[in-house]
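Peer 1: Residue numbers (this note's numbering): 869 to 1040.
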Amino acid sequence: IHSPFFTDAPGYEDIAYNEPAHPALTDIAHVINILSPAVCIIHPDLVKNERVWQASKIPFAIENLKRKRNFPIEQIDNLLLKHSHLKLVLDTEHATDWGEGTLKHLVDSFGSRIIHIQLSDGDMGYADFLNHGDLTRFEPLKKLNCPIIIESKPSNFDQLPEIVSRVRDFFS
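1. Applying the 10 Å Cβ sphere with the 16-neighbour rule, what's the burial state of G993?
2. For the candidate residues D965, H973, H951, whose alpha-carbon lies nearest to that of D989?
3. Between I869 and V920, what straight-line distance do the alpha-carbon atoms span, to the nearest angstrom?
4. Taking 8 Å as the cut-off, decide whether the C-beta atoms of I985 and L1012 are in contact.
5. How about E931 and I909: are their beta carbons less than 8 Å apart?
6. When burial is assigned at 16 or more other CB atoms within 10 Å of the CB, is P912 buried or exposed?
7. My parser needs the alpha helix (DSSP H) runs of 4 or more residues fully inside the segment 929 to 984; what are they?
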């Protein structure tokens, strides 16, 4: 479950999860009870009170965020170090936005807690990067044993099989 969708729901506009009993967290817990996912992914900048991480029974994973979200990698590090039960969703576009060594740092520091990789060419300024770009920047990810979600915005959807094949070849 990727919970930031709750921020778009009626009644949840401009929310910040300030308390473990926040209605959005109650609703997320309800969805978790129905679907039994391994984790609930949440953007950590939405959580404004540390007690949410400590008191919640929700199995959270946090996603590293882009620079424009103003939630630096150091804050991701601190959360993961302070709360050993938290998992990490590693978004490659977001990581590279913070600098060349960020991807390697996150893999080396928290590899065992990374639940999946969002291999993204999103807003990196490259059209069809996963299809035509140099994938060696993703070399540190080869150490991981977790699912990879391809987030590509190809100019032509007929390119998707080629992108998937190229990514598979790189990681095998």
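We put the CB at the ideal spot given by N, CA and C, even for glycine.
Peer 2: Straight from the coordinates:
1. Counting from 1 along the sequence shown, the entry for residue 993 is found at position 125. Residue confidence for G993 is low, a pLDDT of 47 falling below 50, so the modelled location carries little weight; the figure read from the coordinates is stated next. By the neighbour-count rule (16 or more Cβ atoms within 10 Å), G993 is not buried but exposed.
2. In the sequence shown, the residue the question calls residue 989 occupies position 121. Taking only the C-alpha atoms, the option nearest D989 is D965.
3. In the sequence shown, residue 869 corresponds to position 1, counting from 1. In the sequence shown, residue 920 corresponds to position 52, counting from 1. Taking the straight line joining both Cα atoms gives about 17 Å.
4. The residue labelled residue 985 in the question sits at position 117 within the sequence shown. The residue labelled residue 1012 in the question sits at position 144 within the sequence shown. Yes, Cβ-Cβ distance for I985 and L1012 is below 8 Å.
5. What you label residue 931 is simply residue 63 of the sequence shown in a count that begins at 1. What you label residue 909 is simply residue 41 of the sequence shown in a count that begins at 1. Cβ distance < 8 Å, so E931 and I909 count as in contact.
6. In the sequence shown, the residue the question calls residue 912 occupies position 44. Buried: at least 16 other Cβ atoms inside 10 Å.
7. 941 to 950, 960 to 965, 970 to 978
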